[in-house]
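Student: Chain order of the listed sequences is A and B.
With the working numbering applied, the first sequence corresponds to residues 1 to 80, in that order.
With the working numbering applied, the second sequence corresponds to residues 1 to 455, in that order.
I have a structure I would like to understand better, so I am pasting it below and will then ask my questions one at a time.
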Amino acid sequence: MATKQILSLLPGIFYRSPAPDQPPYKSEGDAVAVGDVVGLVEVMKTFHEIKADSAGTLTRFLIDNEDAVMAGQPVAEVAG
Amino acid sequence: MAISKLLIANRGEIALRIIRAAREQNIATVQVHSTADADSLAVQLADEAVEIGPPSAAKSYLNIDAILAAAESTGADAIHPGYGFLAENPAFADRVAVAGLTFVGPSGATIRLMGDKVAAREVAAAAGVATVPGSEGRIDDLDAARACAAGIGFPVMIKAAAGGGGRGIRVAHDLAEFERLFPQASAEAKAAFGDGGLYVEKLIERARHIEVQILGDGEDVIHCFERECSLQRRRQKVWEEAPSAALPADIRNDLCASAVALAKSVRYSGAGTLEYLYDDATGAFYFIEMNTRIQVEHPVTEWITGIDLVGEMLRIAGGAPLRFGQSEVRTRGHAIEVRLNAEDPANGFLPAPGTVAGLRVPGGPGVRFDTMLYAGYTIPPFYDSLLGKLVVWGEDRPHAIARLKSALGELDVAGIKTTAPLFLALADEEDIREGNIHTRWLEHWLTSNSKTLSR
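Following this line, the structure appears as structure tokens:
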């Protein structure tokens, strides 16, 4: 079983849910399909979705909600 | 009591502007900053700097406890909130006052009153100032809202009572669309602002955005004439001028007098701006809202009046009365400001943070560049995309546009994308040279021209 990383292509603040009072897009252990949204990056007050580019099980997040993320930094691991 | 040590609860170019104004008055400066701004120009230039939290604004520039703790530990006796962040947060102004410090701005009560759009319309009506035809106060019931919208006439805007900066606004062109959008807007306002209150307002399709700068000392109020900010993208201003090229002298007098009357009615203290929509087909102007802070585009007013607005804010907050009577406020020439943002105008204005590889700053007569940039600076991705404001002055509007073009030609921010190509293109547009613009002109222009805005 190969493990792949989902990267954030933009720098900014990482969010796991679409809004503070809503549940996270994905939890650890959830199944993901290609194109599923796993988080948001806020860059200069605009929001951009981070999507999975491989299918499998999201085994763990590599960054906490509301943490700073750099361009190209992995945010989650997918085992597929 | 005059301020002796000022804490700046903001960042970027406005923090620099405030540091400079304070220094001229021998006021010591304390710059608070997030970990992401440790190498910012404001931190370098302030007398002291205090780190108040991680990059996320919610944990730093919006962290009231951390800001007040920094004020206490440094012995600051006043706080300037700049614009954005906590500038129009009445709870913050109250907390600053309770801590025994001076808030550079109006009281929390005034911010609260003018920040509620429904209450602000009532204040305007009481002062005899026309507002855009709309609901008398907030409407929560769809039946009443439907009757109100039909009475005003379509198209109408549905606005969140607690919204601002263009957020939470929907446009309905007919009754069916109105019935569909109204419940959505209420749910969205509740989620976004914690308050589902709405009001309904007539949409003026070819409106100009004209605003009046005022200064008050709690007793007297004067105006510093108007700015026109009709060139907007997504309801964000990108190009601002003073004076407006559209206003006949008699209407200018009435407009500015109405702003003074409104601000006097709330015994306004500090710098403020009253925003209006102006219908140049009829000459009618309608008050829309008041901003109880310094605005991004204040330099155009400073240039045509010669008044240092940020400096006056500090004097007023320190307890001094206004230093000018209305008859002493005169204007000369024409000023234009353009907002240099870290965005790629050829690619949907995608944010473009990065490292400034090199910087060539424009100069010469009539050119002012308020910026947080320096060569080698890495622009953090966590905040507003505003990098700086290029402001030019000319004897008249054509002269100012010529200087703008010349200055934009000198400006070079190497290594990142900016909105400079947009302004070079706009400076050559006939509608702009003729002043034939309205608040939706730019978005329309961009649909056919944005792809050409690269260099």
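No residue lacks a Cβ here, since even glycine has one placed at the ideal position from N, Cα and C.
1) Take the Cβ of Q184 (chain B) as the centre, count every other Cβ of all protein chains shown within 10 Å, and call the residue buried at 16 or more, exposed below.
2) When the distance is taken between beta carbons, is L16 (chain B) closer than 8 Å to M464 (chain B)?
3) Between which residues of its own chain and V118 (chain B) is the CB-CB distance below 8 Å, once the five residues before and five after are set aside?
4) Per DSSP, L390 (chain B) forms a beta bridge with which residues?
5) Could you give the C-beta distance for L62 (chain B) and L86 (chain B), rounded to a whole number, given that I count them as a contact under 8 Å?
6) Is it true that the CB of G82 (chain B) sits closer than 8 Å to the CB of I307 (chain B)?
7) Output, in sequence order along the chain, the residues in the stretch 199–218 of chain B whose CB is closer than 9 Å to any CB in chain A.
8) Three-state secondary structure (DSSP) at P243 (chain B)?
9) Relative to the C-alpha of L480 (chain B), which residue among B:R180, B:A58, B:P55 and B:A66 is closest?
10) Looking at C-beta atoms only, is the number of pairs between the stretch 372–384 of chain B and the stretch 30–46 of chain A that lie closer than 8 Å three or more?
11) State the start and end residues of the unbroken beta strand (DSSP E) segment that holds M313 (chain B).
12) With 8 Å as the threshold, decide whether the Cβ of E66 (chain A) is near any Cβ in chain B.
13) On a CA-only basis, which of A:G12, A:F14 and A:K4 is nearest V32 (chain A)? Give me that one, please.
14) Could you check how far apart the C-beta atoms of V266 (chain B) and T110 (chain B) are, in whole angstroms? I think they sit under 8 Å.
15) For the alpha helix (DSSP H) that L86 (chain B) lies in, which residues bound it at each end?
16) Identify the contact partners of Y383 (chain B) in chain A, using a Cβ-Cβ distance below 9 Å as the criterion.
17) How many whole angstroms separate the CB atoms of L426 (chain B) and I432 (chain B), which I take to be in contact at a CB cut-off of 8 Å?
18) Determine, using beta-carbon pairs with one atom in the stretch 281–288 of chain B and one in the stretch 171–190 of chain B, whether at least three such pairs fall under 8 Å.
19) Using the C-alpha atoms, what's the distance from I288 (chain B) back to M157 (chain B)?
20) Give the single residue among B:H334, B:R95 and B:I251 whose Cα lies nearest to the Cα of E241 (chain B).
21) Considering only the beta carbon of each residue, do P299 (chain B) and R368 (chain B) sit closer than 8 Å?
22) Could you spell out the range, first to last residue, of the beta strand (DSSP E) harbouring N253 (chain B)?
23) Where does the unbroken beta strand (DSSP E) through H223 (chain B) begin, and where does it stop?
24) According to DSSP, simplified to helix, strand and coil, what is S8 (chain A)?
25) What's the gap between the Cα of P353 (chain B) and the Cα of M290 (chain B)?
26) Taking the DSSP output, what are the residues bridged to S269 (chain B)?
27) Among B:T292, B:R20 and B:D116, which has the Cα closest to the Cα of S269 (chain B)?
28) Scan the stretch 332–365 of chain B for residues whose Cβ lies nearer than 7 Å to a Cβ of chain A and list them as they occur along the chain.
29) Just the Cα atoms here: how many angstroms apart are T74 (chain B) and R11 (chain B)?
30) Is A191 (chain B) close to chain A, meaning its C-beta is less than 8 Å from at least one C-beta of that chain?
31) Give me the DSSP bridge partner(s) of N291 (chain B).
32) If you run the structure through DSSP and keep just helix, strand and coil, what is D344 (chain B)?
33) For a test of the three-state rule: what should DSSP assign to H80 (chain B), helix, strand or coil?
34) Whose C-alpha, out of B:A402, B:S40, B:R235 and B:I304, is nearest the C-alpha of C224 (chain B)?
35) For G108 (chain B), which residues from the same chain have a beta carbon less than 6 Å from its beta carbon, with the 5 sequence-adjacent residues on both sides left out?
36) Compare the C-beta of P55 (chain B) with all C-beta atoms of chain A and state if any pair is closer than 8 Å.
Tutor: Taking the definition as stated:
1) exposed
2) Since the first and last residues shown for chain B are 1 and 455, residue 464 (chain B) lies out of range.
3) G137, R138, A161, G197 and Y199
4) B:V338 and B:F369
5) 6 Å
6) no
7) none
8) coil
9) Past the edges of chain B, shown from 1 to 455, lies residue 480 (chain B), and the structure says nothing about it.
10) yes
11) M313 (chain B) -> not in any beta strand (DSSP E); alpha helix (DSSP H) instead, spanning L309 to A317.
12) yes
13) A:K4
14) 6 Å
15) Neither: L86 (chain B) is in no alpha helix (DSSP H) and is coded neither H nor E.
16) M44 and K45
17) 5 Å
18) no
19) 12 Å
20) B:H334
21) yes
22) Careful: N253 (chain B) lies outside any beta strand (DSSP E), inside the alpha helix (DSSP H) at A249 to S265.
23) V221 to R233
24) coil
25) 32 Å
26) B:D217
27) B:T292
28) A342, P351 and P353
29) 18 Å
30) yes
31) B:T273
32) strand
33) strand
34) B:I304
35) P90, A93 and D94
36) yes
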